[in-house]
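Engineer: In mature numbering (1 follows the signal peptide of the UniProt record, and there is no 0), the protein residues as written are -24 to -1, 1 to 829. Take this structure first; my questions come after.
Now the structure itself:
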């Protein structure tokens, strides 16, 4: 009986002690408890459940305690406990459920004294054991920047600074079945920007190689200082991708890293990764060490192209530190000067530059006959009487916020959302989670954003972009159910409903945000669903019938088909000649006016037109702005518009019908409204503004037809506001729409590019410090092009200063089926022949003859 009581007491005290080891109890108190019950505490004890599930012993618990040292447990086990040396050795080398030994946890948490004591016991069978995540204690210490632990592991423990993959023995067959993948410590140090660890590793590696090189019998043991990781990236590629410290780059290059080395996957040099990730300081440092810019990847694109296509202004300026007048060479010619002959064939895919085919000249070129029907039926889709509704989920899982104290949620993560409406004509939609962020670049769909060590899994291109579009007759009866399901299975996680009244909120730029409560099957609130939505209403008036009024996409020439320089057969457009630019905006009382700029100057103060009513504007400009005397030709019209603000309706009445116009639609973006800030009248929103503008244009076109002129005035819409372009194109099919970029300017004094707001309103900012984001704002030409394609816009307008430094940019844009207009400054010369569809110069848009759509 006494023996059973003693055993029970020992088991209880041992279990209690193990629980206290993992608790935040201080070491002194726990040590006193251990000393007072030392005879009843078994340090080798392991609970039956722990043997099955966690497999942790007392040393695992001591090493993994995040708040306290627990070093006394190791000291007691080695000195005063009744445990044999063999038992202690077995416990110190035992692996838990994650294949970790106590050294893993001590190194990960930076417990220097604990690690030091473990190393000097000489009881560790291996200083580099690999856990289930293929990480050694050295890798964990580097990851968490515990440099003192790293030093002890390398110097005292003799951890391998340059490991190779370890073979795994299949004991049943007594053969080597596979190898255990390991992380290279130096690559991990670069991934986590750990300069001190990288320096220590390089010193040890170089010393080991020097010692091995002296002895002929051990020369075969010499290993390269730099190794590629599992995705083909070397050290400089990793540092460039994560935006590492310039000192780390200097260190790597000093030890022999090549700033122009090609990786094993994308075939890129480090500067490509720095550009795409937006790290201007890394680019500057790489250029100091002779990183090349006159190179192209397999897609024919240079670092400068990627800077313009998807990076920001600081990156572009960093690249422009180096002269760009050198001819570009493919990356595969850096080490080999052999070049491949490229065949110039018709573009059968959006990216014909991907196919570098070596085909004999004897094989004739293959070309499809020109299409009989234009690719864009009726020019583009437009709303007749339907209402356009676009729902947008945020990237990743940002739209879904779930509480963490629900058992169902903790055991299953959202995998898809099902959207179903009460309207029978709307088919339910499924959105695969997580939502893919950004747009997919057509030309680089096969370029993988490869993962390095410790990279989170990136969202596959197979996932949805989170945009769901509907066209309904009325929003009064439109509601939407959202059901969230796990990745596997059909058990619903949460559900919510968006009722019709939520979509009736008037949004200035047609885009609004709604936050919906999420409920489980028991109607308990378990989180929220946040989504953005856009609503575009059809034009409420009488539109121009395309059977009576010839639209822009219908050719007026005899040659319906023309061939572009790139080999694409395209539909000819009736747009040609000169178009005079007219900027239009709305006053505070909804009057639509034409003006040289979106503001007027009064005694040195710039006042936005949308802040003024018609009467206030007349007092500021000191003339009757509704009165227009005389008639105009193209020259006098440009002179008049450069200094006068006039009502658009009155202006159109006095302009000859033969004068073609570019209507520049000004409406501030949401970001301009917030950061400048800009005050918008509650009576004005972008839908109403464009409706009033179209009403004026349509009435004017009908007047020209009924007055006997017979022809329509050729009009092109243009705007720097993306939503304005989208709405203009959805409301009517008669006139083309161009998306314009004016937010990237080149300073004539410094030669550097500077960022501005879409409508060039940075100088009006109340707090200029709030505008500092512009230099790190993405240039996003690729998103601009994708937006234009998705919304069936005719083309885009880009600054000539941007296009001339990267000619391949023009080719890519045109290959995506868009017109490209080069915007030239007033002090610059008009480019002779840059392959552009048109030139925007001095408030005038000049189209080439027979431009290709």
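Glycine included, every Cβ here is placed at the ideal spot set by N, Cα and C.
On the criterion of 16 or more Cβ atoms from any shown chain inside 10 Å, does residue 514 qualify as buried, or is it exposed?
Structural biologist: By the 10 Å Cβ count, residue 514 comes out buried.
Engineer: The alpha helix (DSSP H) spanning residue 297 covers which residue range?
Structural biologist: Here residue 297 belongs to no alpha helix (DSSP H), and DSSP marks it neither H nor E.
Engineer: Are the beta-carbon atoms of residue 3 and residue 31 separated by less than 7 Å?
Structural biologist: For residue 3 and residue 31, no; Cβs fall outside 7 Å.
Engineer: Take residue 635 and list the residues in its own chain whose beta-carbon comes closer than 8 Å to its own, dropping the five residues that flank it on each side.
Structural biologist: Closer than 8 Å at Cβ, skipping near neighbours: 556, 608, 609, 610, 613, 689.
Engineer: Under the three-state reduction of DSSP, which class applies to residue 876: helix, strand or coil?
Structural biologist: Lying outside -24 to 829, the shown extent of the chain, residue 876 is not represented and no answer is given.
Engineer: If we ignore side chains and look at the alpha-carbon of each, how far apart do residue 553 and residue 705 end up?
Structural biologist: Approximately 22 Å between the Cα atoms of the pair.
Engineer: Determine the direct distance from the alpha carbon of residue 662 to that of residue 482, and round the result to whole angstroms.
Structural biologist: Their backbone Cα atoms lie some 10 Å apart in a straight line.
Engineer: Restricting to runs no shorter than 3 residues, where is the beta strand (DSSP E) found entirely within the region 28 to 58?
Structural biologist: The region 28 to 58 contains no whole beta strand (DSSP E) run of 3 or more residues.
Engineer: Reducing DSSP to helix, strand and coil, say where residue 146 ends up.
Structural biologist: Summary for residue 146: the model assigns pLDDT 49, below 50, so the residue's position carries little reliability; its value from the coordinates is reported in the next sentence. Strand, per DSSP.
Engineer: Quick one: Cα of residue 648 to Cα of residue 751, how far?
Structural biologist: Answer to the nearest angstrom: the Cα atoms are 15 Å apart.
Engineer: In the DSSP assignment, find the beta strand (DSSP E) that holds residue 467 and state where it starts and stops.
Structural biologist: Note, residue 467: premise wrong, no beta strand (DSSP E); not H, not E.
Engineer: Taking 7 Å as the cut-off, decide whether the C-beta atoms of residue 138 and residue 107 are in contact.
Structural biologist: Going by C-beta atoms, residue 138 is not nearer than 7 Å to residue 107.
Engineer: Using the Cα positions of residue 453 and residue 519, report the straight-line distance between them to the nearest angstrom.
Structural biologist: Roughly 26 Å between the two C-alpha positions.
Engineer: With distances taken Cα to Cα, identify the nearest neighbour of residue 236 among 253, 261, 628.
Structural biologist: Out of 253, 261, 628, 261 has the C-alpha closest to the C-alpha of residue 236.
Engineer: When the distance is taken between beta carbons, is residue 660 closer than 7 Å to residue 740?
Structural biologist: The answer is no: Cβ separation not under 7 Å.
Engineer: What whole-angstrom Cβ distance do residue 495 and residue 470 have, given they're in contact under 8 Å?
Structural biologist: At roughly 6 Å, the Cβ-Cβ gap stays under 8 Å, so residue 495 and residue 470 are in contact.
Engineer: What would DSSP say about residue 788, mapped onto helix, strand or coil?
Structural biologist: It is helical.
Engineer: Does the beta-carbon of residue 281 have 16 or more other beta-carbons within 10 angstroms, so that it is buried, or is it exposed?
Structural biologist: With 16 or more other Cβ atoms within 10 Å, it is buried.
Engineer: Could you tell me the distance, in whole angstroms, from the CA atom of residue 559 to the CA atom of residue 655?
Structural biologist: Answer to the nearest angstrom: the Cα atoms are 20 Å apart.
Engineer: If you draw a straight line from the C-alpha of residue 229 to the C-alpha of residue 162, how long is it?
Structural biologist: For residue 229 and residue 162, the distance between alpha carbons rounds to 14 Å.
Engineer: Between which two residues does the alpha helix (DSSP H) harbouring residue 165 extend?
Structural biologist: Here the alpha helix (DSSP H) through residue 165 covers 161 to 167.
Engineer: When the distance is taken between beta carbons, is residue 289 closer than 7 Å to residue 729?
Structural biologist: Yes, Cβ-Cβ distance for residue 729 and residue 289 is below 7 Å.
Engineer: Can you have a look at residue 210 and say buried or exposed, based on whether 16 or more other CB atoms are within 10 angstroms of its CB?
Structural biologist: It counts as buried.
Engineer: If I follow the unbroken alpha helix (DSSP H) through residue 830, where does it start and stop?
Structural biologist: Look at the range of the chain in this structure, -24 to 829, and you will see that residue 830 is not part of it.
Engineer: With a cut-off of 8 Å on the beta carbons, I'd call residue 625 and residue 666 a contact; round off their distance for me.
Structural biologist: With 8 Å as the limit, residue 625 and residue 666 do not qualify as a contact, their Cβ atoms being about 15 Å apart.
Engineer: So what does residue 459 bridge to, in DSSP terms?
Structural biologist: Paired residues: 394, 471.
Engineer: Considering Cα atoms alone, identify which of 708, 68, 629, 618 is closest to residue 603.
Structural biologist: Answer by Cα proximity: 629.
Engineer: Note down the Cα distance separating residue 390 from residue 217, rounded to an integer number of angstroms.
Structural biologist: When rounded, the distance between both Cα atoms is 30 Å.
Engineer: Between which residues of its own chain and residue 736 is the CB-CB distance below 6 Å, once the five residues before and five after are set aside?
Structural biologist: These residues qualify, in order along the chain: 718.
Engineer: Would the beta-carbon of residue 759 fall within 7 Å of that of residue 799?
Structural biologist: No; because the gap between Cβ atoms is not below 7 Å, this pair is not in contact.
Engineer: Can you tell me whether residue 103 is helix, strand or coil according to DSSP?
Structural biologist: Coil.
Engineer: Is residue 112 buried or exposed, if buried means 16 or more other CB atoms sit within 10 Å of its CB?
Structural biologist: Label assigned to residue 112: buried.
Engineer: Straight-line CA distance for residue 468 to residue 811?
Structural biologist: If you take the alpha carbons of residue 468 and residue 811, they lie about 55 Å apart.
Engineer: Is the region 781 to 788 in contact with the region 560 to 574, if contact means three or more CB pairs nearer than 8 Å?
Structural biologist: Cβ pair count under 8 Å is below three, so no.
Engineer: Taking only the alpha-carbon atoms, compute the straight-line gap between residue 159 and residue 259 and give it to the nearest angstrom.
Structural biologist: In a straight line, the C-alpha of residue 159 is about 26 Å away from that of residue 259.
Engineer: Looking at the structure shown, is residue -10 part of a helix, part of a strand, or coil, going by DSSP?
Structural biologist: Helix at residue -10.
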